[in-house]
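Below is one structure; the comments refer to it alone.
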Amino acid sequence: MVLKKIETKTLDHILETMIDTVVGSKKEVFSIGEQCRQDYESIMTELKEVKQLGLKNLEEGDKLEDQVRSARKRLSDVSKCFKDYSEAEVRDAYEVAHTLQMELTIKRQMEKQLKVRREELEHRLIGLTNTIDRAGDLASQISVVMNYMMSDIRQMGKALETAKQKQDFGLKIIEAQEEERKRLSREIHDGPAQMLAHVMMRSDLIEKIYKERSGEEAIDEIRNLKVIVRSALYEVRRIIYDLRPMALDDLGLVPTLKKYLQTIEDYHKTTKIQFSNLGEAQRLPAKYEVALFRLIQESVSNALKHAEASYVNVELEITKDMVKVVTKDNGKGFDVNTKKMQSFGILGMKERVELLDGEIFIDSTIGNGTQVIVQVPIS
């Protein structure tokens, strides 16, 4: 009751101030994380150089040790038969042994210093890794807070029966957004980012091979590099396609679905995906095409990920005033009376269908697969 007495402008101002503060904090955390990543790369480069220098120093030290051993033996022989050698030869034997011993001492000292430096760098890398992980987690938590404040939960409240439902649904939306961002971040990091890092290392190797060996070997490495770049390009296109299939705008729903399902079938070698277009070949308004594509994408994803299906059949029927989609799989199925029907994936599908004034029917039993039927009127 007290809240109603507060002017809307005041509430908006408070909310905007809070959002600005949170956004600023997120930028600072991100900046810290980026700086740590740059420091990590720099230290990794230095650590690599220290290790190489340490290995080289160790090899040179071992060689010097052999030379010192030989020089000492020479000096011992000269000392035993002192009368058989001139003064210059004796002095030379002593100076050589002394000089080599000094060089060996310096090498061993440098070896210890490099070991200490290596341990320092490795310790710093562990600290930076922990900081990067903490910064990532903190940025994610800040994003949840920021998105929660920016979400217009009040408007959704009209469509939800209780405050508890409103809170749960709002949090599920935010959690889903963050999970999607994490998934996308992991895909980019584990896919294109790793491949591009590999390309950088291989390019250095090619340069070294070209300088030290032959151009033919360098060309072979370039061919291998092209394969890696091609794979990275494929991964980038796949991620873009998952975000928003550009073919949907250019070609329409049916061709895009065919291409998408074929790509999924090629990726999941053990699964057969059948697609049938039973209706008229016509374009639909963008909101229908996007919603129907996402509904089919979610149904197929559930069949592969959760139902572990080996066969999926997708039927699309477009008439003048209705669109019908039937997705059926031979997976392990589930009990429709359990909490799985309240999972965010299924709730999201129901929300999409309701926004289009349509209906969705889900029929599934354990061991007998799942069938999802969606009917949407075209207004």
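In this text, residue positions in the sequence shown follow my numbering: the first is 4, and each later residue adds one. In this text, a Cβ means the ideal position worked out from N, Cα and C, and glycines have one as well. As the structure is a prediction and not an experimental result, all values here were calculated from the model.
Pick from the options that is closest to residue i, judged by C-alpha positions
i, options, result
"Tyr43", "Thr134, Val293 and Glu292", "Thr134"
"Ala294", "Ala310, Leu251 and Ala306", "Leu251"
"Glu283", "His309, Val315 and Val326", "Val326"
"Asn227", "Arg216, Met203 and Val356", "Met203"
"Gln70", "Lys185, Thr108 and Thr330", "Thr108"
"Gly370", "Leu358, Arg77, Val328 and His309", "His309"
"Gly64", "Arg77, Ser382 and Met105", "Met105"
"Leu254", "Ser234, Asn280 and Arg286", "Arg286"
"Pro288", "Leu256, Val317, Gln300 and Val239", "Leu256"
"Arg72", "Lys211, Tyr213, Ala96 and Tyr88", "Ala96"
"Gly372", "Tyr213, Tyr88 and Glu311", "Glu311"
"Glu354", "Pro258, Gln374, Glu301 and Glu114", "Glu301"
"Glu114", "Thr102, Glu268, Leu61 and Val93", "Leu61"
"Ser367", "Gly361, Ser382 and Thr341", "Thr341"
"Ala196", "Val239, Lys214 and Arg205", "Val239"
Those residues which DSSP pairs with residue i across a bridge
i, result
"Glu318", "Ser279 and Val329"
"Pro258", "According to DSSP, Pro258 bridges with nothing at all."
"Val2", "Nothing in the structure corresponds to residue 2, since the chain is present only between 4 and 382."
"Ile365", "Val375"
Residue i in three-state terms, based on DSSP
i, result
"Gly370", "coil"
"Val293", "helix"
"Gln285", "coil"
"Met337", "Here residue 337 is Phe; the residue named in the question, Met, does not match the sequence. It is coil, neither helix nor strand."
"Glu311", "coil"
"Cys39", "helix"
"Ser82", "helix"
"Arg216", "coil"
"Leu359", "coil"
"Leu228", "helix"
"His126", "helix"
"Thr132", "helix"
"Ser89", "coil"
"Thr48", "helix"
"Thr273", "coil"
Whether residue i touches residue j by CB criterion (7 Å)
i, j, result
"Leu67", "Lys110", "yes"
"Lys262", "Tyr314", "no"
"Glu224", "Ile209", "yes"
"Val379", "Leu359", "yes"
"Lys231", "His201", "First, the residue type needs correcting, since residue 231 is Ile and not Lys in the sequence shown. It is a contact, given that the beta carbons lie within the stated cut-off."
"Val329", "Phe278", "no"
"Ala221", "Met198", "no"
"Val356", "Ile365", "no"
"Ile46", "Leu141", "no"
"Ala74", "Val99", "yes"
"Val26", "Arg121", "no"
"Leu264", "Met352", "no"
Is there contact between the segment 74-82 and the segment 22-34, where contact requires at least three CB pairs shorter than 8 Å? These segments do not touch.
With three or more beta-carbon pairs closer than 8 Å as the criterion, would you say the segment 123-132 touches the segment 56-66? Not touching, per the Cβ criterion.
Validate contact between the segment 304-313 and the segment 329-337 using beta carbons, cut 8 Å, 3 pairs: Segments in contact, yes.
Counting pairs of Cβ atoms below 8 Å between the segment 317-326 and the segment 348-356, do you hit three or more? Three or more beta-carbon pairs separated by less than 8 Å are not found between the segment 317-326 and the segment 348-356, which leaves the two stretches without contact.
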